[in-house]
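Report on the structure given below.
In my numbering, the protein residues as written are 233 to 591.
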């Protein structure tokens, strides 16, 4: 995406705001995108990644922010979608001053955007952000690390996928392949084992995460990253970075159900969603499956009660079944059905906003 095309892309996909920011003393360099605030303030995490180019960072942030809009809408939350990407090597950049500088930039948006942890950031990092702004969630001592609840939501979505494909949501006697075992994938594997999964395979590129899994769950079998897509299992769960499902990996898939936590897991939503549909693979759209994380931090804004969060996350099962049924009934991909599901709610509320009510 060239610079001259950014406004056209924003117009086409209804983005509201793109903000570039830089802090010389700390080396903070990033982009915040606010996609849509019809339902409420934009919420989305902050990730640090050593992008090859600024354009790559922008494209990633744009896609992630739009995904957050759909995720919040489909989850029934009064939130819009946003995202922040910070460019550089997390190991060299992270410090208290670095995240406090981020907090000042978040504060400058005056509540239109709320941030949280994401890839290569933590609840501790967010505590530094919170020293400069109130517009941050997922803090230590509050809702905390969202990964366990995110994984619980994915687990419920997996059961919906099993119900849709096999006629039963039971995990017992089924086999699973999980790509990524650092955060959400790690907890998902725990839920699968607890529910009686017959066999679980995993892949991971971080040696520490591999060692942890092998020590805690020696029955879970490690496979090379390049082999995970071709395993003959019942469910494939991509829980790493986005774009994992593409024209190279989809032809390898032998699993009849694909359901994971990775955001924007389809490299090309239209092409790859259709490719999965054409192969008869039940695909559980990621922004519905992984909504447990945003449900978790949303409740922090309104008084955190874990039992309520768990109950709300459990609704992902019925929501996913409804979306898969819509896809079948309309002959469209489940990705397209999920977007229709989310957009209907946004449009209904937008029409309400068209009527001015004095306050």
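The beta carbon of each residue, even a glycine, is placed where N, CA and C say it ideally should be.
Is the beta carbon of residue i sitting closer than 8 Å to the one on residue j?
i: residue 490; j: residue 468; result: yes
i: residue 459; j: residue 406; result: no
i: residue 338; j: residue 345; result: yes
i: residue 423; j: residue 387; result: yes
i: residue 377; j: residue 355; result: yes
i: residue 254; j: residue 260; result: yes
i: residue 581; j: residue 551; result: no
Do you know how far the Cα of residue j is from the Cα of residue i?
i: residue 522; j: residue 294; result: 18 Å
i: residue 328; j: residue 341; result: 21 Å
i: residue 241; j: residue 298; result: 12 Å
i: residue 325; j: residue 279; result: 12 Å
i: residue 583; j: residue 271; result: 11 Å
i: residue 527; j: residue 486; result: 32 Å
i: residue 402; j: residue 553; result: 15 Å
i: residue 276; j: residue 511; result: 33 Å
i: residue 477; j: residue 370; result: 29 Å
i: residue 237; j: residue 286; result: 14 Å
i: residue 233; j: residue 243; result: Note that residue 233 scores 46 on pLDDT, short of 50, meaning its location in the model is unreliable and no value can be drawn from it.
Rounded to the nearest angstrom, how far is the Cβ of residue i from that of residue j, given a contact under 8 Å?
i: residue 296; j: residue 262; result: 13 Å between Cβ atoms; not a contact.
i: residue 306; j: residue 515; result: About 15 Å; that fails the 8 Å criterion.
i: residue 413; j: residue 398; result: Not quite, the Cβ-Cβ distance comes to about 25 Å (not below 8 Å), so this is no contact.
i: residue 427; j: residue 404; result: 7 Å
Figure out for me which residue from the options has the closest Cα to the Cα of residue i.
i: residue 274; options: 544, 553, 535 and 529; result: 529
i: residue 283; options: 307, 320 and 304; result: 320
i: residue 247; options: 257, 377 and 266; result: 266
i: residue 316; options: 249, 577, 257 and 544; result: 249
i: residue 393; options: 351, 564 and 557; result: 557
i: residue 488; options: 461, 479, 525 and 474; result: 461
i: residue 314; options: 322, 308 and 301; result: 301
i: residue 566; options: 531, 518, 549 and 539; result: 518
Just to confirm the assignment, what range does the beta strand (DSSP E) spanning residue i have?
i: residue 575; result: Premise fails: residue 575 lies in the alpha helix (DSSP H), 566–585, not in any beta strand (DSSP E).
i: residue 405; result: First-last for residue 405: undefined, no H or E at that position.
i: residue 268; result: 260–268
What is the residue span of the alpha helix (DSSP H) that residue i lies within?
i: residue 310; result: Careful: residue 310 lies outside any alpha helix (DSSP H) and carries neither H nor E.
i: residue 332; result: 328–340
May I ask whether a heavy atom of the ligand ADP can be found less than 7 Å away from the beta carbon of residue i?
i: residue 455; result: For the structure depicted, the ligand ADP is absent and the ligand set is empty, with no information on it obtainable.
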